[in-house]
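One structure below.
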Amino acid sequence: MSAAEMQLVLPDIPRTFTAIAEWLACLLCIFEIKRKISGWKLAGISFAALIIQAAFLEVTESLEGVWWMLCMATAVGMMYGFIYFCCESNAKDAGYYCMRAFVVAEFAASLEWQIDCFFYFSVGWTAEWLRVFWLVVIYATVYVLIWWMFHKYATPEEALQVTDKELFSYVIIGMAVFLISNVGFVPWNTPFGSRYMTEVFNARTLIDLGGVAILYAYHVQRMDLRVRRELEGVQNILHNQYVQYKQSQEAMDIINYKYHDLKHHIIALRAEENSQKRNAYLDKMEEEISNYEAQNKTGNHVLDTVLTSKKLYCMRNDISMTCVVDGTLFDFMDVMDICSVFGNALDNAIECEKKIPEKEKRLIHVSAFSQKNFLIIRFENYCEDSLEFQTGLPVTTKDNESFHGYGLKSIRYTVRKYGGEVDVDTDDNWFVLKILIPMKE
Numbered sequence: 018m019s020a021a022e023m024q025l026v027l028p029d030i031p032r033t034f035t036a037i038a039e040w041l042a043c044l045l046c047i048f049e050i051k052r053k054i055s056g057w058k059l060a061g062i063s064f065a066a067l068i069i070q071a072a073f074l075e076v077t078e079s080l081e082g083v084w085w086m087l088c089m090a091t092a093v094g095m096m097y098g099f100i101y102f103c104c105e106s107n108a109k110d111a112g113y114y115c116m117r118a119f120v121v122a123e124f125a126a127s128l129e130w131q132i133d134c135f136f137y138f139s140v141g142w143t144a145e146w147l148r149v150f151w152l153v154v155i156y157a158t159v160y161v162l163i164w165w166m167f168h169k170y171a172t173p174e175e176a177l178q179v180t181d182k183e184l185f186s187y188v189i190i191g192m193a194v195f196l197i198s199n200v201g202f203v204p205w206n207t208p209f210g211s212r213y214m215t216e217v218f219n220a221r222t223l224i225d226l227g228g229v230a231i232l233y234a235y236h237v238q239r240m241d242l243r244v245r246r247e248l249e250g251v252q253n254i255l256h257n258q259y260v261q262y263k264q265s266q267e268a269m270d271i272i273n274y275k276y277h278d279l280k281h282h283i284i285a286l287r288a289e290e291n292s293q294k295r296n297a298y299l300d301k302m303e304e305e306i307s308n309y310e311a312q313n314k315t316g317n318h319v320l321d322t323v324l325t326s327k328k329l330y331c332m333r334n335d336i337s338m339t340c341v342v343d344g345t346l347f348d349f350m351d352v353m354d355i356c357s358v359f360g361n362a363l364d365n366a367i368e369c370e371k372k373i374p375e376k377e378k379r380l381i382h383v384s385a386f387s388q389k390n391f392l393i394i395r396f397e398n399y400c401e402d403s404l405e406f407q408t409g410l411p412v413t414t415k416d417n418e419s420f421h422g423y424g425l426k427s428i429r430y431t432v433r434k435y436g437g438e439v440d441v442d443t444d445d446n447w448f449v450l451k452i453l454i455p456m457k458e
C-alpha cells in the first residue's frame, strides 16, 4: 500500500489488541486496591476475564452504529465487573477505577496501533514478529508509566470513598474523551468526518493522551484535597481535646474548693439538731465526697484531669470505669498529644457503652505501664456490636462516613509521631485498643 493510499484507508485496531489493553488497564487498578482474592485464584479469574473480553470483542467486530456503541458499553461493563469482583471496593469506587482503566486502555491501544501501522505501511517492516514486538514494547511502556503516575497516590488499605458528584464528573470526562477521540470515524461526508485516516489516528491518540492527563490531574487534586481534609479533621480533634482538658481543669479546681469547704459543712452539721436535716446534709456531703474520690492520682496532672472528667461523665451515665495508669511514664509526651490519645479513646468507648441497655455491662478499663522500654496503653470496653475493619481500624457506624471516623485516625497520627503503633481488635465481646510507644532511655 502506498503512502497516498494509506492516507485514505487504515485498518482499525484488532479487537484482540483492544481486549488486551482493557485487561491490562483493569489489572493495574486491581493491584492498586485491596483485593478480595489473590494467588492462583486471582490468576485464574484474570485469565478467564481476558479470554471472555477478547472473545466478546471478536464476535462483535462487525457491528456498527448504535450496535457498536452498545458493544462498547458492554465491554466497559465487563471491565467494571472484573474490577468489582476482584477487589474489596464499593460500587462507586469500582466505577471510578473502571473509567480510568477504559481511557488508559483506549490510549494504549491507539498509540500501539498507530506506531504499528506506520512501520508496517510506511517503512515496510511487515514481519509478524515485529507486530508482537511493538505490542509488547508499547503496552509495557504505557502501563509502567501509568503505574508509576498513579501508584504514588494509591491507598490500597483505604477506600477512595468517591462521592456521587466525583463519580459523575469522572464518567463525563471519560465519555467525552472517548466520543471526541472516535468522532473522526463517522462517514467522511458528514460534518465531523475525514478523508485522511492518518490524521484521524493522530487525533484519536492525542485526544486519548489528553484524557489520561485530565483524569490524572483530577485524581491528584482529589487525593490532595482528601489528605488536607483528613489533616484538618485530625487537627480539629486535637484542638478540641485540649479545650476539653482546659475545661476539665477548671472543673477540677471547683471540686477542690468544694472539698476544702467540707470543714465548714462539718461545723454546720454539728450545730444542726434536727436529725432529718442532718441526714439530708450527710447525704449531700457523701455525694460530694464520692465525686471528689473520682479523681485519679496518676502522677501526671494532665492525665489526672482527663481521666477524672471522663470518670465523672461515666458516673452520670451509669458506666463503670476503672483505671490503672502510671502517669509518670508520660512525661515525654506533649500535653495536647496526651489529651488527644486518652480523650479520643475514652470518647469512643463511652459512646459505645451508652448504646448498651444493660447498665451492669457498661464497663471500661484503662491501663498504662512500661515493659522492655515500651510504653503500653490499653483501652478495653465491653462491646456487643459486630465491627468491620478497614486499614486496621473499625469502619465508622455513623451514616456520613466522610465526616466521621477521625477519632482513631487522630490517635494513630499522634502515636506515630513518637514512633509508636496502634492495634485494634475484638475479643469475646471486648473491644481492645492497644498502643505501643518506644520510650527513650
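Going letter by letter, the sequence shown gives residues 18 to 458 in the numbering used here.
Glycine included, each C-beta is placed from N, C-alpha and C at the ideal position.
Only counting the same chain, and skipping five residues up and downstream in sequence, which positions put a Cβ closer than 6 Å to that of residue i?
i, result
"leucine 450", "Ala362, Phe396 and Val441"
"glutamine 131", "Phe218 and Thr222"
"phenylalanine 448", "Asn398 and Cys400"
"phenylalanine 420", "Residue placement at phenylalanine 420 cannot be trusted, given a pLDDT of 38 that sits under 50; what the coordinates show is reported in the next sentence. Correct list: empty, nothing qualifies."
"alanine 38", "Ala122, Ala125 and Ala126"
"valine 159", "Ala125"
"cysteine 43", "Met96, Phe99, Ile100 and Ala118"
"leucine 184", "Lys109, Gly112 and Tyr113"
Starting from residue i, follow the alpha helix (DSSP H) in both directions and report where the run begins and ends.
i, result
"serine 357", "352-371"
"asparagine 199", "181-199"
"alanine 38", "32-47"
"tyrosine 160", "145-168"
Taking only the alpha-carbon atoms, compute the straight-line gap between residue i and residue j and give it to the nearest angstrom.
i, j, result
"valine 203", "serine 403", "Because the pLDDT at valine 203 is just 47, under 50, the model does not fix this residue reliably, and the point stays unresolved."
"aspartate 354", "cysteine 400", "26 Å"
"phenylalanine 167", "valine 93", "20 Å"
"alanine 71", "methionine 95", "11 Å"
"isoleucine 367", "alanine 118", "44 Å"
"threonine 180", "lysine 109", "7 Å"
"leucine 320", "valine 383", "12 Å"
"serine 326", "lysine 426", "23 Å"
"leucine 87", "glutamate 75", "15 Å"
"histidine 236", "alanine 171", "10 Å"
"valine 140", "cysteine 134", "9 Å"
"glycine 424", "aspartate 364", "9 Å"
"phenylalanine 391", "serine 337", "28 Å"
"tyrosine 430", "aspartate 351", "14 Å"
"leucine 147", "isoleucine 428", "57 Å"
"methionine 116", "leucine 226", "14 Å"
"isoleucine 381", "threonine 339", "6 Å"
"serine 186", "glycine 61", "34 Å"
"histidine 318", "tyrosine 330", "18 Å"
Using a Cβ-Cβ cutoff of less than 7 Å, which residues in the same chain neighbour residue i once the five nearest sequence positions on both sides are dropped?
i, result
"isoleucine 231", "Ile190"
"valine 229", "Val120, Val121 and Phe124"
"alanine 65", "none"
For residue i, which beta-bridge partners are listed by DSSP?
i, result
"alanine 385", "Val342 and Ile394"
"leucine 380", "Ser337"
"tyrosine 399", "Trp447"
"arginine 52", "Cys104"
Within the same chain, show all residues whose beta-carbon is closer than 8 Å to that of residue i, passing over the 5 residues directly before and after it, in chain order.
i, result
"asparagine 446", "Tyr399, Cys400 and Glu401"
Contained alpha helix (DSSP H) runs [length at least 4] in the region 72-109, N- to C-terminal order = As for any alpha helix (DSSP H) of minimum length 4 sitting wholly inside the region 72-109, the runs are 82-103, ordered along the chain.
Starting from the N-terminal side, write out each stretch of the beta strand (DSSP E) that is 3 residues or longer and does not extend beyond the region 426-456.
-> DSSP runs (the beta strand (DSSP E)) wholly in the region 426-456: 438-443 and 447-455.
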